[in-house]
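J.: Residue numbers (the numbering used here), protein chains in the order written: chain A, 1 to 457; chain B, 458 to 561. Here a beta-carbon is modelled for each residue, glycine too, at the ideal position from N, C-alpha and C. Just so we're clear, the structure is a prediction, and the values are computed from it rather than from any experiment.
1) What's the C-alpha gap between residue 304 of chain A and residue 290 of chain A?
2) Would you kindly work out how many angstroms separate the C-alpha atoms of residue 349 of chain A and residue 284 of chain A, rounded to a whole number?
3) List the DSSP bridge partners of residue 441 of chain A.
4) Is it buried or exposed for residue 492 of chain B, if we count other Cβ within 10 angstroms and need 16 for buried?
5) Whose C-alpha, out of A:449, A:452, A:152, A:33, is nearest the C-alpha of residue 236 of chain A?
6) As a quick exercise: from A:434, A:449, A:448, pick the residue whose alpha carbon is nearest that of residue 166 of chain A.
7) Would you please verify whether the beta carbon of residue 259 of chain A is less than 8 Å from any beta carbon of chain B?
8) Please state the DSSP three-state secondary structure of residue 218 of chain A.
9) Which value, in whole angstroms, describes the spacing of the CA atoms of residue 206 of chain A and residue 140 of chain A?
10) Give me the residue from A:442, A:403, A:395, A:446 with the minimum Cα distance to residue 172 of chain A.
11) If we cut at 8 Å on Cβ distances, does residue 247 of chain A have a partner in chain B?
12) For residue 79 of chain A, write down the residues that DSSP places opposite it in a beta bridge.
13) What residue from A:131, A:94, A:438 has the CA that sits closest to residue 78 of chain A's CA?
14) Using beta carbons (cut-off 8 Å, strictly below), is residue 19 of chain A in contact with chain B?
15) Quick check on residue 334 of chain A: buried or exposed, where buried means 16 or more other Cβ atoms within 10 Å of its Cβ?
16) Looking at the C-beta of residue 493 of chain B, does it have a partner C-beta in chain A at a distance below 8 Å?
17) Taking Cβ to Cβ, would you say residue 116 of chain A is nearer than 8 Å to residue 538 of chain B?
18) When the Cα atoms are used, what is the spatial distance from residue 337 of chain A to residue 93 of chain A?
19) Measure from the alpha carbon of residue 30 of chain A to the alpha carbon of each residue in A:214, A:142, A:72, then state which is nearest.
20) Using a Cβ-Cβ cut-off of less than 9 Å, list which residues of the stretch 527–539 of chain B approach chain A; keep chain order.
21) Taking only three categories from DSSP, how would you classify residue 452 of chain A?
22) Counting only beta-carbon atoms, is residue 256 of chain A nearer than 8 Å to chain B?
23) Contact criterion: CB-CB distance below 8 Å. Does residue 16 of chain A meet it with respect to chain B?
24) Check whether the Cβ atoms of residue 37 of chain A and residue 255 of chain A sit closer than 8 Å, and answer yes or no.
25) Pull the bridge partners of residue 20 of chain A from the DSSP assignment, please.
26) For residue 342 of chain A and residue 218 of chain A, I'd like the C-alpha separation in whole angstroms.
27) Kindly indicate which three-state DSSP category residue 118 of chain A falls into: helix, strand or coil?
28) Here's the rule I'm using: 16 or more other beta-carbon atoms within 10 Å means buried, otherwise exposed. How should residue 49 of chain A be labelled?
29) Mark residue 228 of chain A as exposed unless 16 or more other C-beta atoms lie within 10 angstroms of its C-beta, in which case mark it buried.
30) In whole angstroms, what is the alpha-carbon distance linking residue 59 of chain A and residue 261 of chain A?
31) State the start and end residues of the unbroken alpha helix (DSSP H) segment that holds residue 179 of chain A.
32) Answer with yes or no whether the minimum CB distance from residue 519 of chain B to chain A is below 8 Å.
33) What are the boundary residues of the alpha helix (DSSP H) that residue 320 of chain A is part of?
34) What do you reckon, are the CB atoms on residue 145 of chain A and residue 175 of chain A nearer than 8 Å?
35) Opposite residue 74 of chain A in the DSSP bridges: which residues?
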């Protein structure tokens with residue numbers, strides 16, 4: 001998955017497990033950038049009676065670097081509080097929940113937003129914003145769409161939403177982690193099986209989303225809205241992190257936390273920790289800041305998957321098998337950004353500091369006809385120029401690792417034909433749905449309505 | 458536990474913080490005996506708050522002695538951390554941790 005359960009330690013801490021990070025110019029409000037941080041992997045919609053929620057003991061941060069040093073210049077920090085109004089019932093809700101302050105809602109969460117700008121004191125910019133309940137079912141959460149939409153709040157020029165959403169990411173997990181089965185080459189695998197359509201293993205599952213929509217001029221280095229994509233100040237780096245306090249002390253059911261907030265999860269580019277970092281270093285990577293990533297560049301320059309593909313698929317990737325040079329294409333895409341002169345009309349280079357961040361050139365306007373393959377599909381507004389909710393990042397990264405992007409830095413290299421058609425295979429039109437406006441991630445399926453896993457179409 | 462009090466620990470940690478902050482700032486925040494939050498705060502707003510440990514503040518105090526021989530104790534309070542090198546304090550802690558003559 002992009003970063004669902006991608007490392008041993010964080011897989012045991014779902015409330016702090018960042019599953020995906022998105023950053024894109026808002027198609028319906030092109031003067032704004034939307035940044036989305038998703039948590040709580042693989043929420044089964046029927047997961048009651050204690051439905052999913054954010055952690056009161058976790059600090060969630062959306063980090064923006066606007067000068068290319070891999071350090072945050074702007075941080076939006078989210079701090080949650082949970083109440084239990086009725087202490088005498090086991091119920092999540094004691095009747096239908098028809099508004100965010102409905103007395104029937106017995107596990108209400110609120111949150112504050114703290115804005116931290118480099119060189120300035122932290123400032124609370126929003127207080128007591130409400131989180132909608134999970135989508136329990138038609139009796140408990142009727143008119144869920146209206147209920148959830150009422151949790152979208154505008155404070156100044158900035159919009160916020162925090163709550164349960166349908167997971168916008170899609171991937172064929174069962175295949176990818178069964179020794180890198182890729183569609184449509186199952187029959188060519190070292191351990192062949194008949195070719196079949198891909199399966200979106202995340203279909204109908206939910207996540208907990210934190211979304212913020214900010215004017216471009218609040219994010220750039222010079223506080224302006226750039227129009228020239230070649231302007232270095234047009235590129236921002238975005239990543240998400242989750243933090244817990246250093247000390248934890250248990251006495252019976254009481255847990256006391258103390259000390260500074262220490263990072264337990266982070267995510268910039270999708271699949272970085274999951275697909276590139278070896279198992280023995282995944283927890284370490286989660287605790288580091290992006291500016292410390294140069295020690296991990298070796299795994300990008302010589303990705304393990306690029307060595308495995310020719311072995312797992314004999315005779316399918318012969319050119320990739322002969323590609324032994326460091327992958328300057330992947331180093332640029334994932335760790336420094338793509339310099340100008342490589343792709344006509346585009347750059348998202350942030351300088352020599354190697355740091356895993358989504359790099360968004362905010363001077364590139366939203367696409368009128370978006371391609372889910374992003375820049376590989378000729379759409380400069382898509383991944384790896386930031387990341388939109390519908391971008392097929394699994395396919396894009398698999399193709400890139402398979403050698404499709406290497407000619408960007410070495411024109412004499414000819415990618416294997418397979419690199420152009422290999423796909424994760426999980427995208428099926430209509431099976432993953434989105435909203436056309438903030439927060440762009442669709443409403444979650446209700447617990448009552450969800451089908452057993454084996455019967456989900 | 459009778460040889461020292463919570464106030465003693467707070468006083469020691471507050472004193473260490475007052476000295477350690479400029480050292481951490483000068484050294485880029487990697488000094489051995491320094492305050493944790495100040496080490497991060499030099500790196501920008503992703504770090505924790507900038508307030509000094511308030512010796513009179515309420516709330517629990519936690520500490521950890523990873524290596525008693527070094528005389529170093531890490532003290533957590535509120536959203537802050539200080540690392541104190543105080544052999545006497547650590548020796549008192551280790552004496553207090555002994556049960557039937559052994560550290561359990």
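T.: Quick look at the numbers:
1) Each residue's Cα considered, the two are about 21 Å apart.
2) If I take the Cα positions, the gap works out to 26 Å.
3) DSSP, once it has assigned bridges, lists A:434 as partnering residue 441 of chain A.
4) Low confidence applies here, because residue 492 of chain B scores a pLDDT of 41, under 50, leaving its location unreliable and the question unanswered by this model.
5) Of the candidates A:449, A:452, A:152, A:33, the one whose C-alpha sits nearest the C-alpha of residue 236 of chain A is A:33.
6) By alpha-carbon distance to residue 166 of chain A, the top candidate from A:434, A:449, A:448 is A:434.
7) At least one CB of chain B lies nearer than 8 Å to the CB of residue 259 of chain A.
8) Helix.
9) Distance between the alpha carbons of residue 206 of chain A and residue 140 of chain A is about 18 Å.
10) Considering only alpha carbons, the answer is A:395.
11) Answer yes: the Cβ-Cβ gap between residue 247 of chain A and chain B drops below 8 Å somewhere.
12) Answer is A:59, A:112.
13) Ranking A:131, A:94, A:438 by Cα distance to residue 78 of chain A puts A:131 first.
14) No - not a single Cβ of chain B is within 8 Å of the one on residue 19 of chain A.
15) Burial call: buried.
16) Only weak support exists for where residue 493 of chain B lies, its pLDDT of 39 falling under 50; the coordinates are left without a value.
17) Contact flag unset, no.
18) Their backbone Cα atoms lie some 48 Å apart in a straight line.
19) Just measuring C-alpha positions, the residue of A:214, A:142, A:72 sitting nearest residue 30 of chain A is A:214.
20) So the close ones are 531, 532, 533, 534, 535, 536, 537, 538.
21) Coil, per DSSP.
22) By this cut-off, residue 256 of chain A is an interface position.
23) No, no contact with chain B.
24) Not in contact: residue 37 of chain A and residue 255 of chain A (Cβ atoms no closer than 8 Å).
25) Residue pairing by DSSP places residue 20 of chain A opposite A:38 in a beta bridge.
26) Cα-Cα distance, rounded: 29 Å.
27) Residue 118 of chain A carries a coil assignment under DSSP once its states are collapsed to helix, strand and coil.
28) Its Cβ having fewer than 16 others within 10 Å, residue 49 of chain A is exposed.
29) Residue 228 of chain A is exposed by the Cβ-count criterion.
30) Within the model, the alpha-carbon separation for residue 59 of chain A versus residue 261 of chain A is close to 8 Å.
31) That residue, residue 179 of chain A, is in no alpha helix (DSSP H); it is neither H nor E in DSSP.
32) Chain A contact via Cβ: present.
33) In the DSSP assignment, residue 320 of chain A falls within the alpha helix (DSSP H) that extends over 318–321.
34) No, they are not a contact pair.
35) A:64, A:117.
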